[in-house]
Structures are given as C-alpha cells and as structure tokens.
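Q: Chains as they are written, first to last, in the working numbering: chain A, 14 to 549; chain B, 54 to 298. Take a look at this one; I'll ask things after.
Structure representation (structure tokens):
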C-alpha cells in the first residue's frame, strides 16, 4: 500500500535518527581520543566500532519493542490490578514480579561475581527479594497515598545508618547495586506497571503516582546488600586485572562477537521469560485483550529480545575493552587530572546511549502531556551524569571517600523534595536507577576500574562507587529542573491573572450563539436588560 | 462604535475550535504560529497516530507519536489561520498532519470568551484569500470521535479503514460511566478509555460509524460508542485528494 509505505519510510527515518543520535556522540568522542591522546590497538578499536554498530541497531529495536510490548504489558497488568481491587493479589503480584524480574536481571549476576565475601546465590536472592518487598511497599504507598518523599527520607536515613556499621569496601558495592539492578528489562516493565496502577485512578494529582516505583526498587538492593555486609566478612578482594581476547584481523573480530552472542541470547531470554509468562497468565485469567493487540505485543517482544541481545553483545564485547583501555591509558599519564574533564564529557554523552533512559524520557513526556519534554529530561540526565563521572574521577585522582559525595548529594536531593512539584521528585528518584544501566556497567565502570588500576588506587574503594554517583546526581539535576519549572509556571500564572484582572467584573453566564441568533451581548447580567452598551 | 472588533458592544463573533494533529514536538510550532496571530488559547496534548492492522502496522512501523492541539479562534479567521498552518507546517505533504475547525456553539460567559478569544483586536479582518485551493471548505468533512476500552483503538481504526477512512489519531482518557466512581483504599478508580479521532468525508460518516460499531460497539468487548462533529474547514487532507483523483 502506497500510504503505508510513506508512513513506513517516515518511521524508519525517525527511528534511525533516534538511534544514531543516541549512540554516535559517544562513538565519536572515543574515536577522537583514539586519534589524539589514547591511540588504541587495532583489536580494541575494531571491536569498538563493530560494537557501536550493534548498539545502533539494538537501540532501535529495543525502543520499538518497548513501545509495542514491554510498556503495554506492564500498563495493562498494573491497571487491571487496581481495577480488580483485590488487595492481596496486588501485593502478591508486586512481590513476586519484583523478585523474579530482579532475579533474572543479568547485571545482578555480574554484581554478585564482583562482590567479595558473599556467596553469589545468597546475594542474588537477597537483592531479588529486597526489590520484591520494596515494590510491594511502593504499591502500598499508592493505595494509601503515603507521601513518596517521607518514605524515601526514612529509607535513605536507614541506609546511611546501617552503612555506618558496614566495612568501607562494602559501601561502594552496596550503593552500586541500587543502580545496577534496575536494568533495561526491569525499568520499562516496572515504570509501565506503576503508570498502569495509577492510570485508572481519578482525583487530583493522579499522575504524581505514575512514577516512584523504580525509585523504591533502587533503595531495596542497597539495603539488602548492606544488611548482608553486616553478617558476612569481606575477605579476599575480587577484581583481578581482566585480560581481553585479542584479534588481529577483521574476521577474528567478528568471530569474537559471534562467540558472545549465544551467551547473551540465554541471558536476555532468561530475563524476559518471567515477565512474559506472568503476563500470559494474566491474559488468560483476566485481561482478555484483543488478539490483534497480542500479536503486536508478540512482535514487540521479539524486537525487545533481539534488540537487547545485539545491544548487550555490542556493549560487552565492543565497549568494555575500550573503556578499560582508555581508563588505564589516561590513569598512567603524568597528567592524570585530565581524567576529570574527560569523565565529564563522556558522562554527558553516554546517558543518551542508555536504552532504559529513552523509555523513561518518553513515559515522562507522555504522562505529563509534554510539559516535561524528552529533551528536557535528557538534558537534566546528561548534566547529572556528567557531574557524577567527573566526581568519580576526582575520587580516583585525589582519593576522596565516597560518603563525602553521597551524604550531601542525597541530603540535597531529599531536601529538594519539599520544594519541587511532586512529579519531579518521583521522576528524579526513578531516574537515578535508570541512568545507571548497561552502558554504565560496561563502559564507565571499566573506565573507572582501568583508571584506578593504573594510577595505583584501591579498586574496591575508589573505582566502585561510580555507579552510586551516577544513580545519585540525576536526583538533584531533575529536581533542579523542577524548581525552574515551578518558577516559570508561577510567572505565567501571574501574567494570566493580570491579563484577566481588568475584566473581572464580567458575569460568568453561558453564551449560546445558536439560541441568540448569532448575536450575544457581552453583558447579559439579568438586571441590565442586555442592552449591549457597556463601556469599560 | 465603528471599530467593531474588540469592542464590548459589538455583536459577538462566533468562535471555532481548531484541532491540529501534527508530529510530536511540532505542537509547539502550531501554538507559536497561532499566538503570533493573536490566538491566545492553545492547548497541547499527546496522542498517537495509528493506521490499522496491515502487516507493517503489526510490525509497529507505521504508528507515530503525535501532538494534538486545540485552539479557540474567531470563526471568520479560521480559514486564514488554517492556511497559515498548512504552509508553515507543510501539511500538504501526506501524513505530516492535519488541521481543521469545528464550530463552537456556546461559551461559559463573557469573561471566558474574552479569555479564550485572545487579543485579535484590530487584526480581526485578517481573513486570508478565502477559498484558497488548499483549504477544503464548508462541511465536506466530519470528525468521528470513538470512545472505547483501553486496547481497542486498533480495532476501531481498522474497522474505519475498511469502510473508507484513512487512519486515525488516538489519545488516552479516563472515563466515568453510569456507575459512581469506585473507591479502593485512598484512591478512586475510573475506567481507562481510548479516544479515536477520525476525519472522514461527510458522505461516509454513516457507513464508517456502522462499521466501527460492528467491530467495537457497545455489544462487543470494546464497549465503544461514536459520535460525529461538524467540521467547517480542513487542511492537510492530501491523502483524500489522491483518492478522488
């Protein structure tokens, strides 16, 4: 059909543009580094370029799939639960979903490997159940209309108190876990779940509740790991210098990617499976969506799956070595302070390549009816992450404790919740976990590890913690955006009142052209006779 | 008393509601243009363009995020403003968007009218070359609004297309029906709806509505109902023009 083909072209153009604009900036920065300060060996450069290509395709497929499947699935389940008004079912679903989805999150397995002293399975289970419980609390919050900021203040206070009893090596890993567990599969689903739950509720400020679920899912793991840290002894520090497979020609490069594909196939399939199964159960028992919708969702799931496989393969095989290499190279220079500006620049542009960020930004734009636009969100997130990577590099160069940044950072973020419109706070606390996803874990963290290793810092203490910082700064920047917004709205409102001020004595009667035969007086107040002669 | 417009004593000008449906992000352009022309009451909301259930539709490759804007303009200026929108936003390119005017029959009072009808004083004779080829005039089109349960918009659009419509725009809404709003702990619950806007040739309204009702009417799971609004002027319907040629 010709009309469809016009639409098709338009959509493909739009999607390509979106993918390119999110991945190309960071690619170009790395290439520029390659030709100036940090010349990379053939193998790493080649892997990086192929990886970028996979990222572009993967990102396009993923965002398409999120729109078609992950978001509608979460929304339908959330809204159905509220409509059903079955309290226990709602809580049970939140608990089980949260636990299963987190359990399957690939990043969590990685975190477990890196955490010293705790058996992997113990850690994974604790964190997963932690997320489940906190998701349940988040649902309770919506139902009973508790204020999100009070809840967060209480939880973060508890986190800092428990943190005082935990060895320093643990702190960084614990805070990192909050950012790590909210990955590209969890985020869209939980976001949509929250939006679904609050989409059926009326009353004022209903969309304030749409966000805030991911926020709770970020605190959960921090708490869980900290509590574990009290009980377990952090013995041997992990994290040896990683050695990367080398490739000497293009064929070997491709071979490396092909070798990694099956692994990510399994990972992503395992992570998607619980969500899909749960949704199918819902559909069979209660939802009864039209078949047409299901077909679209099925195709959307396929997009999400292949998109994520390509993305994760690209980022793990292609970006991880480059990140490590650049970090090590820069860290060994005599002017290693250059890591700080470099970190700021990379941080600024790397957020755009984080898949879950696109999903969050789009949802925020939709729910607020465009009042908080995608571009504004990206700007706030980019500035936030730029600051945090800069700070993380400062820590490595000058060896500063993480808590000097985290305590004031969270203090400011929590204080701001009293001054900005509620929705900005909810979005802000959600965005912390969203900003720190796959890209952070495979590019920025290795970059920090590399820099730390070659400049002779303590990796456990100095390099980890970058995720925690990335998960913190957006809380501040997005709420600052909220302050600006609030101020501007107030100015506009004042102007409107002023504009209306001169005519405030008009009656608020109904004017009907059809009854009054195309002629209605401005002034139809009863006593006036409607003579229509009125001077103002 | 010779200055007619803006004078309190003058016969009141009719106002019209101008809808424009454009690519996401361009709603701001629409509002800016209208504001420059003295239209001060502009609302933007988000919607989704959807085109049905063909193969590429299933692949998710033909639906778009849209902005829906609503503006109140003086009825005799509607045509001129639509023309400006047409040129400024290239609405003659297929699928770039459409804009149309729906008459308003009443307003909640003089203050409200003053508030919404803007500062067009001294500028109200700005009606452009009326009958410019690009604006499809008087009463040739109608706007069908279909309200269905969440998830059934695709079904509505496909049905409408089978009966001759060219697509539609969807936005989400919460609705209350005959039942009272139900309470669940501290929150109240309202059913979710999707509203499908479809611009159709006036002659096709009946057939298309019948088809929509058959596919997603009150007796189906979609629980849909549809109504039609008169549309006075339209721009951006090149898709329809192809069809007639």
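Glycine included, each C-beta is placed from N, C-alpha and C at the ideal position. As the structure is a computational prediction, the values presented were derived from the model and not from experiment.
For the segment 312-327 of chain A, enumerate the residues whose C-beta is nearer than 8 angstroms to any C-beta of chain B, in chain order.
A: 312, 313 and 316
Q: Residue 262(A): buried (16+ other C-beta within 10 angstroms of its C-beta) or exposed?
A: exposed
Q: Kindly confirm or deny that the segment 382-397 of chain A and the segment 238-247 of chain A touch, where touching means at least three C-beta pairs closer than 8 angstroms.
A: no
Q: Got a sec, what are the start and stop residues for the beta strand (DSSP E) residue 122(B) sits in?
A: Residues 117-127.
Q: Using a Cβ-Cβ distance under 7 angstroms, would residue 197(B) count as near chain A?
A: no
Q: Taking residue 383(A) as the reference, give the member of 430(A), 368(A), 498(A) and 443(A) with the closest Cα.
A: It is 498(A) whose Cα lies nearest to the Cα of residue 383(A).
Q: Just how far apart, CA to CA, sit residue 169(B) and residue 287(B)?
A: Those two C-alpha atoms are separated by around 21 angstroms.
Q: Do the segment 88-102 of chain B and the segment 115-130 of chain B make contact, defined as three or more Cβ pairs closer than 8 angstroms?
A: yes
Q: Return yes when at least one heavy atom of the ligand SAH lies under 6 angstroms from the C-beta of residue 279(A), else no.
A: Absence of the ligand SAH is noted for the structure shown, with no ligands found whatsoever.
Q: Given a limit of 9 angstroms on CB to CB distance, which residues of the segment 77-89 of chain B reach chain A?
A: 77, 78, 80 and 81
Q: The alpha helix (DSSP H) spanning residue 171(A) covers which residue range?
A: 161-176
Q: Please tell me whether residue 332(A) and residue 64(A) are closer than 7 angstroms, where the distance is taken between their beta carbons.
A: yes
Q: With a 10 Å radius around its C-beta and 16 neighbouring C-beta atoms as the bar for buried, classify residue 259(B) as buried or exposed.
A: exposed
Q: Among the candidates 115(A), 464(A) and 427(A), whose CA atom is the shortest distance from the CA of residue 141(A)?
A: Comparing Cα positions, the closest option is 115(A).
Q: Over the uninterrupted alpha helix (DSSP H) stretch that includes residue 156(B), give me the two end residues.
A: It is not in any alpha helix (DSSP H) - residue 156(B) instead sits in the beta strand (DSSP E) that spans 150-156.
Q: Would you say residue 239(A) and residue 150(A) are within 7 angstroms of each other, going by their C-beta atoms?
A: no
Q: Who are the near neighbours of residue 67(B) in its chain, counting only those whose CB is closer than 6 angstroms to its CB and skipping five residues on each side?
A: 128
Q: Name the residues in the segment 149-171 of chain A whose C-beta lies less than 8 angstroms from a C-beta of chain B; which are they?
A: Here the close residues are 155, 156, 157 and 158.
Q: Using three-state DSSP, classify residue 32(A) as helix, strand or coil.
A: helix
Q: Between residue 372(A) and chain D, is the shortest Cβ-Cβ distance under 7 angstroms, so that the two count as touching?
A: Considering every chain present, this structure includes no chain D. Its protein chains are A and B.
Q: Going along the chain, which residues of its own chain have a beta-carbon closer than 8 angstroms to the beta-carbon of residue 20(A), five neighbours each way excluded?
A: none
Q: Applying the 10 Å Cβ sphere with the 16-neighbour rule, what's the burial state of residue 243(B)?
A: buried
Q: Quick one: which chain A residues come within Cβ less than 8 angstroms of residue 127(B)?
A: Going along chain A, no residue has its Cβ under 8 angstroms from residue 127(B), so there is no contact; the nearest lies around 12 angstroms.
Q: Tell me the rounded alpha-carbon separation between residue 230(A) and residue 291(A).
A: 19 angstroms
Q: Determine the DSSP secondary structure at residue 273(B), reduced to helix, strand or coil.
A: coil
Q: Which class does residue 157(A) belong to by DSSP, given the choice of helix, strand or coil?
A: In the structure shown, the three-state DSSP call for residue 157(A) is helix.
Q: Tell me whether the beta-carbon of residue 235(A) lies closer than 7 angstroms to the beta-carbon of residue 144(A).
A: no
Q: Along chain B, which residues have their Cβ under 7 angstroms away from the Cβ of residue 23(A)?
A: By Cβ distance, chain B contributes 148.
Q: Smallest Cα separation from residue 224(A): which of 207(A), 347(A) and 494(A)?
A: 207(A)
Q: Mind checking who residue 102(B) pairs with in its DSSP beta bridge?
A: 117(B) and 222(B)
Q: For residue 481(A), which residues in the same chain have their Cβ closer than 6 angstroms to its Cβ, ignoring the five residues on either side in sequence?
A: 188 and 189
Q: Alpha carbon to alpha carbon, how far is residue 210(A) from residue 367(A)?
A: Rounded to whole angstroms, residue 210(A) to residue 367(A) spans 26 angstroms at the Cα level.
Q: Would residue 237(A) be called buried (16 or more neighbouring beta carbons within 10 Å of its own) or exposed?
A: buried
Q: Specify, as a first and last residue, the run of the alpha helix (DSSP H) that residue 427(A) falls within.
A: 416-429
Q: Measure from the C-beta of residue 303(A) to each C-beta in chain B and report whether the shortest distance is under 7 angstroms.
A: yes
Q: Who are the near neighbours of residue 315(A) in its chain, counting only those whose CB is closer than 6 angstroms to its CB and skipping five residues on each side?
A: none
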